[in-house]
Amino acid sequence: DGADYEGTYGATTSDDSLTLQFVRAITATNIGSRMYLMSSEDKYEMFQLLGNEFTFDVDVSNVGCGLNAALYFVAMDEDGGMSKNSTNKAGAKYGTGYCDSQCPRDLKFIDGLANSENWTASSNDANAGVGSRGSCCSEMEDWRS
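Here it is in structure tokens:
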């Protein structure tokens with residue numbers, strides 16, 4: 105999709121590991137990232153947790169003071185909302201459809217529409233801001249530092 109995940113978000117993979125740099129200031133400043141597991145090129149991985157075990161390891165030795173790292177499940181649509189919203193042409197392939205229980209307003213697209221009404225750019229992150237709309241769904245938090 106042309107995104108520079110390592111350069112912009114500090115996200116790298118190796119074997120079965122994912123490494124994230126929360127604050128990235130190589131060519132531009134970026135603060136924070138969300139990563140999603142994919143089952144295919146255009147579908148998010150869906151987990152059936154009832155009666156199953158989910159295990160993970162986290163190395164928090166490099167999480168800076170005052171930063172938040174977390175692992176949680178949210179009730180996103182498997183296709184990123186494409187089947188529900190005819191205006192959503194991007195879907196999971198391009199990372200759309202995110203929601204959580206805090207109803208985040210920092211998403212650039214919600215339900216296939218630009219979240220541009222009253223968009224206020226972040227003063228310290230060129231990739232961030234908040235708009236009028238939020239994207240709400242249930243969430244189950246598993247771990248937070």
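Numbering (the numbering used here), first residue to last: 105 to 249.
The beta-carbon is built from N, C-alpha and C at its ideal position, and this holds for glycine as well.
Just so we're clear, the structure is a prediction, and the values are computed from it rather than from any experiment.
{"Check": "Span of the alpha helix (DSSP H), counted from its first residue to its last, around Tyr109", "Outcome": "109-113"}
{"Check": "For Ala179, three-class secondary structure by DSSP", "Outcome": "coil"}
{"Check": "First through last residue of the beta strand (DSSP E) which encompasses Ser118", "Outcome": "116-118"}
{"Check": "Inter-stretch contact (C-beta, 8 Å, three-pair minimum) for the stretch 160-177 and the stretch 110-129", "Outcome": "yes"}
{"Check": "Contact between the stretch 178-187 and the stretch 196-206 (3+ Cβ pairs under 8 Å)", "Outcome": "yes"}
{"Check": "Buried or exposed by the 16-neighbour rule on C-beta atoms within 10 Å, applied to Ser239", "Outcome": "buried"}
{"Check": "Proximity winner among Gly235, Asp229, Arg209, relative to Ser220 (alpha-carbon distances)", "Outcome": "Gly235"}
{"Check": "Under 9 Å between C-beta atoms of Glu149 and Met142", "Outcome": "yes"}
{"Check": "Reference Phe111; option with closest CA among Met244, Asn231, Arg237", "Outcome": "Sequence inspection shows Gly at residue 111; the Phe mentioned does not correspond to that position. Closest option to Gly111, Cα to Cα, is Asn231."}
{"Check": "Local Cβ density within 10 Å of Gly184, reported as buried at 16 or more and exposed below that", "Outcome": "buried"}
{"Check": "Element boundaries [beta strand (DSSP E), containing Thr159]", "Outcome": "Where Thr159 is concerned, there is no enclosing beta strand (DSSP E), given that its DSSP letter is neither H nor E."}
{"Check": "Opposing strand residues paired with Leu217 [DSSP bridges]", "Outcome": "Ile214"}
{"Check": "First through last residue of the beta strand (DSSP E) which encompasses Leu122", "Outcome": "121-123"}
{"Check": "Strand pairing of Cys240, partner residues [DSSP]", "Outcome": "Asp204"}
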